[in-house]
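S.K.:
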Amino acid sequence: MTDRISTGIKKLDSLIGGGFLEGSFILVSGEPGSGKTLLSNSFLAEGLRNDENCIYVTFVEPEEKIVEYGENLGIDYSSHEKDGKFKVLDRPVGEEMHVEELTTEIIDEVNSMNCKRLVIDSLSAWILGFPAGQKKRRLVRTLSRLLDRINCTWIGIVEHTPKINEASFEEYLADSVLYMETKFVGDVLERELKIMKMRGSDHTREAYKYMIDGNGIQIKEPKIRGSKG
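Going left to right, the sequence shown walks through residues 7 to 235 as the numbering used here numbers them.
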């Protein structure tokens, strides 16, 4: 039986059978401000608490902001970085980005560090550096290469809006897909977490409301009653 590792959010662990499957690829999709980066940092912070080596690849947030996320979750990323347990790969987005070289760098860093948890923030930003007309094909090829060459549990973040969803081809490759939705109900901002896919796991089919506070993501009771499967 494949081991599970904690997501860093106890309620989420309970909804997916005890955590993510070790060695799996998790796609976290949602609108800007939905908490995707916070969820991903909770995942890495939990790994560091368990003495696991972790890597954060960012095309969106500067390293200083990532360190701030860690501080809010009670983790000193800078200290872990000095100890060789944590690394941030802060890379620019643009046509000058060498996709193959960066993919090789990620693979080499994961393997040399014996990295157990990896976050790429975000796949949506990374795809901007791919040649025009080849974005979908190149991203599928890149993800396939990562899946074949690294042996860790990793999260890929995707920006999603109600009108434009570019996640369909990534969803096919992912072992698990979490969707974090934000919407206004009247004047009130509501957030919902939906587990769209969880390969090899018995998981909830319900939509769970959640809130973001000083302690991170707090998942509340489900909005809709459903079944498990």
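Quick reminder that beta carbons are idealized off the backbone N, C-alpha and C, glycines included.
Between Ile32, Met202, Asp57, which lies nearest to Asn120 when the distance is taken from Cα to Cα?
M.R.: Here the question's residue 120 lines up with position 114 in the sequence shown. The shortest C-alpha separation from Asn120 is found at Asp57.
S.K.: Specify the secondary structure class of Lys42 as computed by DSSP and reduced to three states.
M.R.: Within the sequence shown, numbered from 1, the residue matching residue 42 stands at position 36. Lys42 falls in the helix class under three-state DSSP.
S.K.: Taking just the CA atoms, how far does Ser182 sit from Tyr83?
M.R.: Numbered from its first residue, the sequence shown carries residue 83 at position 77. Numbered from its first residue, the sequence shown carries residue 182 at position 176. In a straight line, the C-alpha of Tyr83 is about 26 Å away from that of Ser182.
S.K.: Residue ranges of each alpha helix (DSSP H) run of no fewer than 4 residues wholly in the segment 112-198, ordered along the chain?
M.R.: 129-132, 141-155, 174-179
S.K.: List the whole-angstrom C-beta distance separating Phe136 from Val105, where the pair is believed to meet the contact cut-off of C-beta under 8 Å.
M.R.: The count along the sequence shown starts at 1 and reaches residue 136 at position 130. The count along the sequence shown starts at 1 and reaches residue 105 at position 99. Indeed they touch by this definition, with Cβ atoms about 6 Å apart.
S.K.: State the Cα-Cα distance for the pair Lys16 and Gly23, rounded to the nearest angstrom.
M.R.: Taking the sequence shown and counting its residues from 1, one reaches residue 16 at position 10. Taking the sequence shown and counting its residues from 1, one reaches residue 23 at position 17. So the two alpha carbons sit approximately 11 Å from each other.
S.K.: Beta-carbon within less than 7 Å of His86's beta-carbon, same chain only, minus the 5 sequence neighbours each way: which residues are those?
M.R.: Counting from 1 along the sequence shown, the entry for residue 86 is found at position 80. Answer for His86: Leu54, Phe92, listed in chain order.
S.K.: Quick one: Cα of Leu50 to Cα of Asp219, how far?
M.R.: In the sequence shown, counting from the first residue as 1, residue 50 sits at position 44. In the sequence shown, counting from the first residue as 1, residue 219 sits at position 213. Distance between the alpha carbons of Leu50 and Asp219 is about 18 Å.
S.K.: Relative to the C-alpha of Leu129, which candidate in Ile72, Lys122, Tyr75, Tyr62 has its C-alpha closest?
M.R.: Along the sequence shown, one-based indexing puts residue 129 at 123. Closest by alpha carbon: Tyr62.
S.K.: When DSSP builds the beta bridges, which residues end up paired with Met217?
M.R.: Numbered from 1 along the sequence shown, position 211 holds the residue referred to as residue 217. In the DSSP output, where bridge partners are listed per residue, Met217 has Gln224.
S.K.: Would you kindly work out how many angstroms separate the C-alpha atoms of Arg97 and Thr64, rounded to a whole number?
M.R.: Stepping through the sequence shown from its first residue, residue 97 is reached at position 91. Stepping through the sequence shown from its first residue, residue 64 is reached at position 58. Roughly 6 Å separates the two Cα atoms.
S.K.: Mind checking Ile170: buried by the 16 CB within 10 Å criterion, or exposed?
M.R.: Position 164 of the sequence shown, counted from the first residue, corresponds to residue 170. Any reading at Ile170 must be qualified, since the residue scores a pLDDT of 42, below 50, and its modelled position is unreliable; the value itself is stated next. So Ile170 counts as exposed.
S.K.: Can you tell which of Trp132, Leu95, Asp127, Ala131 has its C-alpha closest to the C-alpha of Asp114?
M.R.: Looking up residue 114 in the sequence shown gives position 108. That would be Leu95, whose Cα lies nearest to the Cα of Asp114.
S.K.: Ordered along the chain, which non-local residues of its own chain (more than five positions away) have a Cβ less than 8 Å from that of Leu21?
M.R.: Counted from its first residue, the sequence shown places residue 21 at position 15. Same-chain partners within the cutoff: Ile201, His209, Thr210, Tyr214, Ile225.
S.K.: State the Cα-Cα distance for the pair Cys60 and Glu107, rounded to the nearest angstrom.
M.R.: Taking the first residue of the sequence shown as 1, we reach residue 60 at position 54. Taking the first residue of the sequence shown as 1, we reach residue 107 at position 101. Looking at the two C-alpha atoms, the distance is approximately 20 Å.
S.K.: Determine the contact status of Glu196 and Met186, defining contact as a CB-CB distance below 9 Å.
M.R.: Looking up residue 196 in the sequence shown gives position 190. Looking up residue 186 in the sequence shown gives position 180. It is not a contact, given that the beta carbons lie outside the stated cut-off.
S.K.: Taking the Cβ atom as the reference point for each residue, do Ile32 and Ile161 lie within a distance shorter than 9 Å?
M.R.: Position 26 of the sequence shown, counting from 1, holds the residue named residue 32. Position 155 of the sequence shown, counting from 1, holds the residue named residue 161. Going by C-beta atoms, Ile32 is nearer than 9 Å to Ile161.
S.K.: If you drop the 5 nearest sequence neighbours on each side, which residues of the same chain put their C-beta closer than 8 Å to that of Gly80?
M.R.: The residue you call residue 80 lines up with position 74 of the sequence shown. For Gly80, where only same-chain residues beyond five positions count, the Cβ hits under 8 Å are Ala51.
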